[in-house]
Structures are given as C-alpha cells and as structure tokens.
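Trainee: Encoded as structure tokens, here's the structure I'll be asking about.
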Amino acid sequence: MGLFAALSSLLLLAVGPLAVSAQTTTVVVDGTASHDIPSTLWGLMFESGDGGLYGELLQNRAFQKVTPNTAAALTAWHPINANIAVVADSKPLSSALPNALQVTVPSGASGQVGVGNEGFWGINVNASWTYEASLFVRFPATLPSASPSLNFSLTSTTGTVFASKAVTIKPSASWTHVNVTLKPTRSAPSTANNFTVTFDGAALAGSTVNFALFSLFPPTFKSQKNGMRADIAEALEELGPSFFRFPGGNNLGQTVDTRWQWNATVGPLTNRPGRSGDWGYTNTDGLGLYEYLVWIESMGMQPIMAVWSGYALGGTNLAENQLAPYIEQAKEQIEFVVGDSSTSAGALRASLGHPEPFTLNFVEVGNEDFFAAGTYPYRWRDFVGNLSAAFPNIRFIATTDAWDPILSPVPQSYDVHVYQTPSWFAQNSFYYDGFQRNGTTYFEGEYAAISSNPNDIFGTPADGRFTFPTMASSTGEAAFMTGLERNSDIVFAASYAPLLNYVDNSQWLFSLNRGDEYLPSTLPNEDGTLFWSVTRRTSPAEVIIKISNTVSAPASLQFQHPFNVRASGTTQVLSGGQNSSNTPTTPNAAVPRTSTLRAGKTFEYTAPGFSVSVLTVPIA
Ligand SMILES: *[C@@H]1O[C@H](CO)[C@@H](O)[C@H](O)[C@H]1NC(C)=O
Ligand SMILES: *[C@@H]1O[C@H](CO)[C@@H](O)[C@H](O)[C@H]1NC(C)=O
Ligand SMILES: *[C@@H]1O[C@H](CO)[C@@H](O)[C@H](O)[C@H]1NC(C)=O
Ligand SMILES: *[C@@H]1O[C@H](CO)[C@@H](O)[C@H](O)[C@H]1NC(C)=O
Ligand SMILES: *[C@@H]1O[C@H](CO)[C@@H](O)[C@H](O)[C@H]1NC(C)=O
Ligand SMILES: *[C@@H]1O[C@H](CO)[C@@H](O)[C@H](O)[C@H]1NC(C)=O
Ligand SMILES: *[C@@H]1O[C@H](CO)[C@@H](O)[C@H](O)[C@H]1NC(C)=O
Ligand SMILES: *[C@@H]1O[C@H](CO)[C@@H](O)[C@H](O)[C@H]1NC(C)=O
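Quick note on the working numbering: the sequence shown kicks off at 20 and runs consecutively.
Have a look at this one:
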C-alpha cells in the first residue's frame with residue numbers, strides 16, 4: 020500500500036558531495052559473483068486468514084465450534100427488536116454446520132426485527148464496492164401465512180443506512196439459500212458499521228426463524244470466488260514475494276483432534292466444520308487449501324506447504340505404530356495439490372476447477388518439531404520415507420534444529436525460526452557464515468525482532484512485545500537479512516513472521532530490490548553496528564547494495580567496485596528514531612525515501628542513524 024505511493028510522491032533530490040570522515044568504512048566489491056541468489060529467497064508466511072486476508076466480513080458467520088445456547092455462541096451478533104440464540108438445529112444445514120441462529124419475533128412486534136453482525140473490528144462500507152451477501156433461512160415452527168420480505172442492510176452503528184436490499188422469500192421448513200448484492204449509496208465515514216438482516220415485525224409477529232451460514236463479501240483479489248481481501252492481497256503483491264508458507268505455523272494444531280486437516284477445508288462451505296484455532300478463536304476454514312493454492316498461483320508465488328506430522332503443539336506425540344493414517348492423510352493432501360485425476364484427491368481438485376496440478380516443490384514436515392525432537396526421528400523417517408517415495412520431486416523440510424538428534428533420511432533442508440531482540444539480530448548477521456557447505460539448505464521460516472528485553476522473548480514476562488516494528492527492530496532484522504543474502508548459497512528462503520505487521524518497510528526494501536548473484540565484498544565487522552550486502556541483477560544490469568546502520572550515529576562508507584556504471588544511481592532510505600514505528604494512526608512515521616546517488620567506480624554514501632538503505636547503481 021504505502022510504499023509505491025510514498026516513493027512516487029517524493030521528489031528525487033540530488034545529493035551533494037559527502038564529507039568523508041576519518042571513520043569512513045571502505046568496502047571493496049569483487050566483480051565475480053560467488054553464487055546465484057535463489058529466486059525463492061524472500062517470501063511470506065501466514066497462519067490464519069479470518070478477519071484479515073480472507074475476504075469474509077462477518078465474524079462467526081456459521082456458528083462453528085461454539086456451544087449452543089451460550090452467550091459466547093452469539094459473538095459478534097446482536098438482536099434487533101427480537102430474541103436471538105444459537106441453537107443446535109433439529110434439521111441442521113449440514114453435518115458440518117449443526118448450529119443455527121434462531122430469531123424469535125415477539126407477538127405484537129412492529130418495525131424491523133432481526134439480527135445484526137458487527138464484523139471483525141467493524142465493517143468497511145465503501146461506495147466503490149459491490150458486496151455479495153447470502154444466508155440460509157428456514158422456519159422451524161409455524162410458517163408465516165404470507166411470503167415475507169427479507170431485508171439485507173449495511174448501516175452505521177447509529178442507524179444510518181448505506182445499502183439495503185429486500186427480497187421476498189417463500190416460507191419453508193427446509194433451508195432456502197438467499198443471496199443479494201448490496202451497493203452502498205455512499206461510503207461510511209468509519210468502520211463502525213453493522214450488517215443487518217431483518218423482517219417487518221408486524222408480518223412475522225410470534226414467528227421463529229432459523230438462519231445458517233451467513234456471508235458478506237467485498238470485491239475480492241482478482242475477483243476470486245470465496246477469495247482474499249483485495250486491499251490486503253494487493254499490498255502483499257506489491258511486496259513481490261516469491262513463496263508463501265502455509266497453513267502454519269502453530270496453526271497446524273494444538274491437539275490431535277483440532278489439527279488442520281486439508282479435507283475439512285475444501286469443497287462447499289456447507290461442508291467445512293471449521294476448527295478451534297490455536298489462538299482461542301474459531302478458524303472458519305473458508306480460506307481452505309484450494310483457496311490458498313489459487314491465490315498463491317495468481318500471485319506468482321510458490322507454496323511451502325506443511326503437513327501435520329504426528330506432534331500437536333499441546334504436547335501430544337503419536338507413537339510410531341499410530342502414524343499410518345496421518346501419513347495417508349498427508350499423502351492425500353499432497354495429491355490434492357499435484358496428483359492427477361486417477362487419485363481421488365487429485366480428481367477432487369479437478370472438480371473444483373483446477374485440472375492441472377499446482378506447483379509444489381517444498382513440503383515441510385510438521386512445525387517447530389524441535390519442541391518434540393525426541394520423537395521426530397521416527398516421525399520424520401516414516402513420513403518422509405513414504406512421502407518421498409510417492410513424490411520424488413518434492414523437497415521435504417525438517418523442522419527440528421540441525422543439532423537435534425540425527426535424522427534419516429538426512430534432510431535436504433531445515434526450517435529455522437528466530438524470535439529475538441533487535442540487538443540479537445544485529446549481532447547475528449554472521450549466523451550462517453560458519454555453517455558447513457555440505458548440501459544441506461536452510462529456510463528461515465519465521466524471523467522477527469519482538470522485544471528489546473531478552474526476558475520477553477519466550478514470554479516471561481510476556482508483555483514486552485512490540486505492537487509494531489520499530490526502526491531499531493527493522494535495522495536489526497535488515498542486518499540479519501544482509502547475512503541471509505550473503506549466505507543465500509545455503510539459505511534458500513526467508514519469511515518475516517508477523518506478516519500483517521507489514522508496516523515493516525525493511526522487508527519490502529529487500530524483496531523489491533533483489534539481485535540474482537551475490538558479489539563478495541569486504542566483510543562487515545561481525546561485532547560492529549554497520550552491515551551490508553552487495554548483489555548484482557542481470558536484467559536490468561545493476562549493482563544493488565543494501566546497508567543497515569543499527570545505531571543512532573550516521574556512518575560513512577566508501578564503495579569501490581570494478582564495474583563501469585552510470586553516473587547516477589538511486590538511493591532508497593528508511594530511517595527514523597530508534598523507537599519510531601508505523602502504526603495505524605502514524606502510518607508514515609518511517610517510509611522509504613528515494614533520492615539520486617552520485618555513482619562511479621568509487622563513491623561515498625552516509626547511512627543515517629537507524630537506517631536501512633538500498634543503493635542501486637546501473638551498470639553502463
Ligand atoms: C453494531 O455493532 C456494534 C459494535 O461495533 C454493536 O455494539 C451493536 O450492537 C451492533 N448492532 C447490531 C444491530 O448489530
Ligand atoms: C474504497 O474502494 C476504492 C476502490 O477499490 C479504494 O481505492 C479505496 O481505498 C477504498 N476506500 C477504503 C476506505 O477502503
Ligand atoms: C430495510 O432495513 C433498513 C434498515 O433498517 C430500512 O431503512 C429499510 O426501510 C428496510 N427496507 C424495507 C423494504 O423494509
Ligand atoms: C446468487 O448466487 C448465484 C450463484 O453463485 C449467482 O449466480 C447469482 O448471481 C447470485 N445473485 C445475486 C443477486 O448476487
Ligand atoms: C478428513 O479425513 C479424515 C481421514 O483422513 C477423516 O477422519 C475426517 O473425518 C475427514 N474430515 C472431513 C471434514 O471430511
Ligand atoms: C511408512 O509408514 C509406515 C507407518 O508408520 C512405516 O511402518 C513404514 O516404515 C514407512 N515406510 C517407509 C518407506 O518409510
Ligand atoms: C551438513 O552439516 C550440518 C551441520 O553440521 C548437518 O546437520 C547436516 O546433516 C549435514 N548435511 C549433510 C548432507 O551431511
Ligand atoms: C527506545 O526504547 C528503549 C526501550 O524502551 C529505551 O531504552 C530507549 O532509550 C528509547 N530510545 C529513544 C531514543 O527514545
């Protein structure tokens with residue numbers, strides 16, 4: 020969202036000659052690349068889409084995994100001149116969706132009666148958008164004598180009506196699907212809005228009405244059915260990510276029963292039971308395996324997909340003789356992605372509209388199995404033994420640490436997760452430099468600076484985490500990322516963890532300014548505060564230098580390289596105070612600024628305090 024707007028709105032400012040202080044750091048760049056940079060290097064990870072990436076605007080739309088007749092079951096729903104309750108329907112919409120919202124209209128009712136939903140943090144009512152609203156309705160008791168009018172509206176919480184559409188329905192004791200489009204007459208000034216569904220109270224006085232599977236969608240990314248929120252997906256697309264790691268992360272499952280199961284997330288929404296997620300709310304699974312894959316493909320990314328591997332985060336480890344059905348389910352999950360129509364999962368994918376297999380090069384076996392390293396050797400052996408026989412072209416990624424018990428077959432790759440302080444990141448820019456070059460490659464699947472206080476890292480006390488990234492955390496991460504680029508002969512992919520904090524512009528700077536070859540240069544001081552990496556892009560031909568200054572004092576550098584370059588290049592700089600953050604109320608506290616760089620075979624650059632810089636120099 021912000022980056023291009025911010026960049027294009029800034030004037031290109033010429034930078035005058037810079038004073039070269041006594042502390043200038045000289046960086047000599049080698050003209051011969053040491054290795055190619057994997058095209059997969061910068062990507063995204065995500066653990067759950069409800070209320071975020073997934074387009075659905077209603078919260079608790081289908082009363083999944085709630086206890087009927089409790090107040091909690093009514094989360095996000097509010098009565099309008101009627102009594103409402105979530106009930107276990109005697110004629111449920113489907114076995115996956117056993118609950119319904121029951122509206123009891125008082126005798127003597129008048130005016131609009133029904134129910135409203137508050138959305139996730141409100142509802143964005145935008146006059147440029149056409150919304151698709153739908154629900155299922157039935158009359159479990161006496162049928163009304165006349166066909167009633169069912170009224171869908173978008174209103175402010177104080178009653179201003181922005182959109183309304185009434186349709187006449189045929190009353191029935193069986194479920195009727197009703198869908199309408201809603202076009203607001205004007206945009207709401209805030210997101211303090213409701214979606215309401217009402218009847219004329221006088222017409223339905225004394226009646227009982229059951230509703231199931233409500234839905235309200237704004238336009239989706241590339242108009243994909245049941246798709247992603249266009250604004251978030253477009254912002255992610257601007258990041259230029261090359262892969263997407265899903266479905267977790269922790270979201271793979273807290274218990275064996277509540278683990279993520281691919282087959283519960285595909286097909287009609289009426290067949291998706293949802294699951295109790297790992298952070299205390301229900302996952303609708305509306306954003307299911309198929310939706311993920313279609314979106315990943317349309318974004319030009321490739322998936323790094325996890326399979327559940329016999330360990331639940333809550334602590335359950337399955338014994339080896341219990342693994343077989345879970346290995347089979349993992350096999351079917353992969354068949355759904357790449358199998359042909361001779362497999363039932365592949366045939367199911369084809370029936371949903373994608374006969375061609377999706378791309379799938381990477382499958383992760385579990386998540387953070389270093390927490391269960393003792394059982395991983397047999398789980399890894401049995402999962403990978405079976406899965407690699409069925410899918411010889413897929414690379415399986417282990418999720419224990421390289422120093423955990425030795426695995427057989429020897430993993431081709433490990434997923435490494437790091438949550439640490441900003442200074443840890445800055446001090447560990449050389450983390451991978453000492454790793455053996457023996458064929459094993461690494462996926463930095465989750466990394467983020469999360470607190471300045473080392474005691475907070477593992478939650479004791481748990482309150483010190485950054486709500487938003489700061490310049491100190493961004494420069495720490497960027498220092499670490501220069502190390503990932505330098506070591507991209509063995510680090511093939513990296514994804515920043517709290518994705519929706521994508522106000523962290525340093526990630527964008529790296530992803531959007533990629534070289535395809537790494538050029539060795541004078542190494543930064545491992546114990547220092549200034550870090551860089553130099554890459555070359557073939558087309559257009561340019562040298563791309565990334566610099567992170569992790570302290571408040573500006574730092575001057577002199578670059579010397581062997582290329583004939585144009586006289587001017589471009590500088591993109593993100594800088595700010597140590598603790599400055601982009602937040603919803605201060606979205607532009609630290610935005611990248613673009614200016615002209617005076618280039619040559621030798622040139623100087625001063626990195627401001629707490630800054631991430633990208634210097635781009637076109638090769639003549
Ligand atoms: C509308 O949403 C607000 C919360 O934003 C809630 O307090 C109110 O009860 C809702 N009204 C209806 C009719 O849903
Ligand atoms: C409303 O929609 C238009 C068109 O998609 C978009 O440019 C604008 O940012 C939206 N406004 C809000 C507040 O979402
Ligand atoms: C539908 O509900 C809205 C909001 O309560 C109301 O303004 C409108 O008059 C209703 N329309 C019909 C046809 O009853
Ligand atoms: C209702 O849904 C059907 C099936 O998806 C669709 O073809 C139709 O256009 C929808 N109608 C409205 C009014 O949105
Ligand atoms: C998914 O498949 C498993 C077997 O692998 C089965 O136990 C489970 O009931 C299925 N879930 C759904 C919702 O179909
Ligand atoms: C496949 O999994 C089963 C069940 O865990 C195990 O007994 C068998 O050894 C595995 N096969 C291979 C080739 O790893
Ligand atoms: C490479 O070295 C690492 C660390 O010593 C080790 O964990 C890994 O198994 C080795 N890979 C191979 C293919 O031997
Ligand atoms: C930033 O926050 C840290 C931790 O709260 C504090 O020690 C430091 O002084 C702050 N820096 C500035 C410039 O305010």
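Every residue, glycine too, gets a C-beta built ideally from N, C-alpha and C.
For ligand 8, any of its heavy atoms closer than 7 Å to the Cβ of residue 568?
Mentor: Flag unset: Cβ of residue 568 not near ligand 8.
Trainee: Give a yes or no on whether the C-beta atoms belonging to residue 187 and residue 168 are separated by under 8 Å.
Mentor: The answer is yes: Cβ separation under 8 Å.
Trainee: With a cut-off of 8 Å, does the C-beta of residue 610 fall near any C-beta of chain B?
Mentor: No chain B is present in this structure, which holds just one protein chain.
Trainee: Closest to residue 305 by C-alpha separation, out of 507, 76, 578, would be which residue?
Mentor: Comparing Cα-Cα distances from residue 305 to each of 507, 76, 578, the minimum goes to 76.
Trainee: Assign residue 196 to buried or exposed, taking buried as 16 or more other Cβ atoms, counted over all protein chains shown, within 10 Å of its Cβ.
Mentor: Exposed: under 16 other Cβ atoms inside 10 Å.
Trainee: Across which residues does DSSP place residue 591 in a beta bridge pair?
Mentor: The partner list for residue 591 (beta bridge, DSSP) reads 613, 633.
Trainee: Which residues in the same chain as residue 346 place their Cβ atom closer than 8 Å to its Cβ, once the five residues preceding and following it in sequence are excluded?
Mentor: Around residue 346: 401, 402, 405, 406.
Trainee: Mind listing, in chain order, the continuous alpha helix (DSSP H) runs of no fewer than 4 residues lying wholly within the segment 496-558?
Mentor: For the segment 496-558, whole alpha helix (DSSP H) runs of length 4 or above, ordered along the chain, are 524-531.
Trainee: When you compare the CB positions of residue 320 and residue 379, do they come within less than 8 Å of one another, or not?
Mentor: Their beta carbons are not under 8 Å apart, which means residue 320 does not touch residue 379 by this criterion.
Trainee: Output the distance between the C-alpha atoms of residue 290 and residue 335, rounded to the nearest integer angstrom.
Mentor: If I take the Cα positions, the gap works out to 28 Å.
Trainee: Using 7 Å as the cut-off, classify the Cβ of residue 560 as near or not near the heavy atoms of ligand 7, replying yes or no.
Mentor: No - ligand 7 has no heavy atom lying nearer than 7 Å to the Cβ of residue 560.
Trainee: Are the beta-carbon atoms of residue 425 and residue 460 separated by less than 8 Å?
Mentor: The answer is no: Cβ separation not under 8 Å.
Trainee: Ignore the nearest five residues each way along the sequence and tell me which others in residue 174's own chain have a CB closer than 7 Å to its CB.
Mentor: Around residue 174: 180, 181, 212, 213, 215.
Trainee: Below 8 Å on the Cβ atoms is my contact criterion, and I expect residue 150 with residue 235 to pass it. Report the Cβ-Cβ distance as a whole number of Å.
Mentor: Contact holds; Cβ gap of about 6 Å.
Trainee: Mind checking whether the beta-carbon of residue 75 lies closer than 7 Å to any heavy atom of ligand 4?
Mentor: No; taking the cut-off as 7 Å, the Cβ of residue 75 has no heavy atom of ligand 4 nearer than that.
Trainee: Would the beta-carbon of residue 136 be found less than 7 Å away from any heavy atom of ligand 3?
Mentor: For ligand 3, not one heavy atom lies less than 7 Å from the Cβ of residue 136.
Trainee: What is the rounded straight-line gap between the Cα of residue 618 and the Cα of residue 285?
Mentor: Cα-Cα distance, rounded: 54 Å.
Trainee: So, helix, strand or coil for residue 477, using DSSP?
Mentor: With a pLDDT of 49 at residue 477, under the threshold of 50, the predicted position of this residue should be treated as unreliable, though the coordinate-derived value follows. The answer is coil: DSSP assigns residue 477 none of H, G, I, E or B.
Trainee: What residue does the beta strand (DSSP E) around residue 288 start on, and which one ends it?
Mentor: Premise fails: residue 288 is in no beta strand (DSSP E) and is neither H nor E.
Trainee: Could you give the DSSP three-state label for residue 482: helix, strand or coil?
Mentor: Reliability of the predicted coordinates at residue 482 is poor, the pLDDT of 43 falling under 50, and the value obtained from them is presented with this limitation in mind. Looking at residue 482 - three-state DSSP - the assignment turns out to be coil, as it is neither helix nor strand.
Trainee: Count the other CB atoms, across all protein chains shown, that sit within 10 Å of the CB of residue 399; report buried if there are 16 or more and exposed otherwise.
Mentor: Looking at its Cβ environment, which holds 16 or more other Cβ atoms inside 10 Å, residue 399 is buried.
Trainee: Counting along the chain, where does the beta strand (DSSP E) carrying residue 154 start and finish?
Mentor: Note, residue 154: beta strand (DSSP E), 150-157.
Trainee: Could you please give the first and the last residue of the uninterrupted alpha helix (DSSP H) stretch that includes residue 400?
Mentor: Taken as a continuous stretch (DSSP letters only), the alpha helix (DSSP H) holding residue 400 covers 395-409.
Trainee: Nearest by alpha-carbon distance to residue 205: which of 301, 144, 104, 85 is it?
Mentor: For the residues 301, 144, 104, 85, the minimum Cα distance to residue 205 belongs to 144.
Trainee: Would you grab the beta carbon distance between residue 118 and residue 98 for me? Rounded to a whole angstrom, and I think it's under 8 Å.
Mentor: Going by Cβ atoms, the distance from residue 118 to residue 98 rounds to 17 Å, so no, they are not a contact pair.
Trainee: Just list the beta strand (DSSP E) runs in the segment 39-97, keeping only unbroken ones of 3 residues or longer that don't cross its boundaries, in chain order.
Mentor: Entirely contained in the segment 39-97, the beta strand (DSSP E) runs reaching 3 residues are, in chain order, 44-47, 61-64.
Trainee: Check whether the segment 409-429 touches the segment 525-532, counting contact only when three or more Cβ pairs, one atom from each stretch, lie closer than 8 Å.
Mentor: No, because fewer than three Cβ pairs between the segment 409-429 and the segment 525-532 fall closer than 8 Å, the two stretches do not touch.
Trainee: From the DSSP output, read off the bridge partner residues of residue 626.
Mentor: Answer is 574.
Trainee: State the CB to CB distance for the pair residue 74 and residue 200, rounded to an integer number of angstroms; the pair is presumed to be in contact (CB under 8 Å).
Mentor: The Cβ separation is near 15 Å, so there is no contact.
Trainee: Can the beta-carbon of residue 279 be found closer than 8 Å to that of residue 288?
Mentor: Not in contact: residue 279 and residue 288 (Cβ atoms no closer than 8 Å).
Trainee: What three-state label does DSSP hand residue 343 in the structure shown?
Mentor: Residue 343 falls in the helix class under three-state DSSP.
Trainee: For residue 467, which of helix, strand or coil comes out of DSSP?
Mentor: Strand at residue 467.
Trainee: Between 42, 310, 70, which lies nearest to residue 373 when the distance is taken from Cα to Cα?
Mentor: Of 42, 310, 70, the residue nearest in Cα terms is 310.
Trainee: What residues match up with residue 219 in a beta bridge as DSSP calls it?
Mentor: Looking at the DSSP assignment, residue 219 forms a beta bridge with 131.
Trainee: Alpha carbon to alpha carbon, what distance is there between residue 228 and residue 106?
Mentor: Taking the straight line joining both Cα atoms gives about 11 Å.
Trainee: Would you say residue 199 touches ligand 4, meaning its beta carbon is less than 7 Å from a heavy atom?
Mentor: Yes.
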